[in-house]
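> In the working numbering, the protein residues as written are -1 to 154.
The C-beta atom is built at its ideal place from N, Cα and C for all residues, glycine as well.
Sharing a structure with you now.
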Amino acid sequence: MHLVYVYGTLKKGFPNHYLISDAENGVAKFLYEANTVEKFALVVGSPFHVPFLLQNTNHGKGNVITGELYEVDDKMLKTLDKLENHPTLYLRSKIQVKRNTESDVIECDTYLLTNYKPQLLTLPMLNSYTIAASSSYIPPQKRSSNETLKSVKLTT
Ligand code: PCA
């Protein structure tokens, strides 16, 4: 099993939650709401209003982010990797989270945006992805391929 921290459209009540809650895609068990130990920049970007947790640049920018911790099996991890276009768009990466201020640090996987355009750091930085922010989200099925990539990633 794997521990996966979700902070965006996979959360309960958000547009891609159906993927993590569908047993056809594998097993996922919601554990609890959790906060990142490190501060991160969580921004909504690209023409499709996609939430991105930016890989840390150690500029001391951003916030402790609230999301949800799940325990998932190999099959579900593969489903999530596909949705997140790992490792081309997001990179599944290890981060540390805590259930609350007194609890132990948990190491888990999350999907970070790497090699991103520096302009993303000028966008408003959220503490958590909200329903209001998700109202403008355009799901992958409605985008032409690679447009998200081109708009947020530095070319390699
Ligand atoms: N889904 C993943 C990463 C960004 C997104 O929209 C998540 O909810 O964590």
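1. When the Cα atoms are used, what is the spatial distance from residue 137 to residue 22?
2. Secondary structure at residue 151, three-state DSSP: helix, strand or coil?
3. Could you name the residues that DSSP lists as bridge partners for residue 126?
4. Kindly indicate which residue of 60, 81 and 11 has the alpha-carbon position closest to the one of residue 143.
5. Are residue 129 and residue 11 touching if we call contact CB-CB under 8 Å?
6. Cβ of residue 68 within 7 Å of any heavy atom in ligand 3?
7. Quick check on the burial criterion: 16 or more other C-beta atoms within 10 angstroms. Buried or exposed for residue 124?
8. Taking 7 Å as the cut-off, is the C-beta of residue 4 nearer than that to any heavy atom in ligand 1?
9. Report yes if the C-beta of residue 49 is less than 7 Å from at least one heavy atom of ligand 1; otherwise report no.
10. In angstroms with no decimal places, state the Cα-to-Cα distance between residue 14 and residue 28.
11. Along the chain, where does the beta strand (DSSP E) containing residue 107 start, and where does it finish?
The answer reads as follows:
1. 20 Å
2. strand
3. For residue 126, which the question treats as bridged, DSSP gives no partner whatsoever.
4. Minimum Cα distance to residue 143 is reached at 81.
5. yes
6. The ligand content of the structure shown is limited to ligand 1, which means ligand 3 is not among them.
7. Counting C-beta atoms within 10 angstroms of its own C-beta, residue 124 has 16 or more neighbours from the protein chains shown and is therefore classed as buried.
8. yes
9. Residue 49 Cβ: within cutoff of ligand 1.
10. 15 Å
11. 104 to 111
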